[in-house]
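Contents: one structure, followed by commentary.
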Amino acid sequence: MSDPTPSVRPIPTRRNGGVSGDAAAPAAIEVAEQVVHLARLVHGGGRDDGLTPAQWTALRYFARANRFSRTPSAFSDFHATTRGTASQTVKSLVAMGLLERRPNEQDGRSALIEVTPAGQARLQEDPLGALGALIDTLPEGDRQAFSATLARLTGAMARLRASPVFGNCVDCGHCDTSLAGPAYCRCTQTLLVESEMRALCADFAPATTR
Ligand code: SF4
Numbered sequence: 008m009s010d011p012t013p014s015v016r017p018i019p020t021r022r023n024g025g026v027s028g029d030a031a032a033p034a035a036i037e038v039a040e041q042v043v044h045l046a047r048l049v050h051g052g053g054r055d056d057g058l059t060p061a062q063w064t065a066l067r068y069f070a071r072a073n074r075f076s077r078t079p080s081a082f083s084d085f086h087a088t089t090r091g092t093a094s095q096t097v098k099s100l101v102a103m104g105l106l107e108r109r110p111n112e113q114d115g116r117s118a119l120i121e122v123t124p125a126g127q128a129r130l131q132e133d134p135l136g137a138l139g140a141l142i143d144t145l146p147e148g149d150r151q152a153f154s155a156t157l158a159r160l161t162g163a164m165a166r167l168r169a170s171p172v173f174g175n176c177v178d179c180g181h182c183d184t185s186l187a188g189p190a191y192c193r194c195t196q197t198l199l200v201e202s203e204m205r206a207l208c209a210d211f212a213p214a215t216t217r
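Going by this note's numbering, the residue at position 2 of the sequence shown is 9; the numbering climbs one at a time, nothing skipped.
Right, dumping it as structure tokens:
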């Protein structure tokens, strides 16, 4: 599969001839606009659920991240924001009782961030659920193709921005399943438990590009 990482070019517009008028083949920039618009619609419609989009992203992230990645700094990489902004978002959720800090047994200098029972209950109202339900209505082949396309674009964009790519053990080049018993992570040098295999990881390295 070819690397879709694009070189940096001016944004194409109708004025510079970069936007196609061909309805059957929308210009790339129009598709990019649709992706951003779709993401904004998740939190649109005059909703007031008491959390900002950044707070929802943090709550969701700490519910899905594995034990190596439940730190404010990993969240700042995931959310493509500064350490300070990520830390403020986490602090606000701790103050609301939706997240809590726990000692990190692997690193005494840092704390792990966990979702509280109140945070888990709040996630039942996650506005992203509406988009998930719509994606669920797609035929399975479309869903798989959509997911694969998004993964390729996310990886390429992360490389373009020199940002880490997040993923899970199932697709990770560090994951060794060649031995009998549990899988082994060559990066963190730990045995993996089944329930972690699909959790988000900050140390993920796509198997296909290693
Ligand atoms: S195998 Fe990869 S995704 Fe899984 S814990 Fe290790 S680095 Fe993270």
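Beta carbons are placed, not taken as given, at the ideal position from N, Cα and C, and that holds for glycine.
Asked                                                                                                                                                : Found
Indicate, with yes or no, if the ligand SF4 has a heavy atom lying under 8 Å from the CB of G174.                                                    : yes
My assumption, with CB atoms under 8 Å, is that L130 sits in contact with A70. Please give the rounded CB distance.                                  : 6 Å
Can you tell me which of the three DSSP states P124 falls into?                                                                                      : helix
Whole angstroms is fine: what's the gap from T197's alpha carbon to S117's?                                                                          : 19 Å
Look up C179 in the DSSP assignment and give the residues it is bridged to.                                                                          : P213
Grab me the residues of A206's own chain with a C-beta within less than 7 Å of its C-beta, minus the 5 sequence neighbours each way, in chain order. : R71, A72, N73, N175
By Cβ distance below 7 Å, which residues in the same chain neighbour D183 in space, the five residues on each side in sequence not counted?          : A190, Y191, R193
Please report the straight-line C-alpha distance between V42 and L66, rounded to a whole angstrom.                                                   : 22 Å
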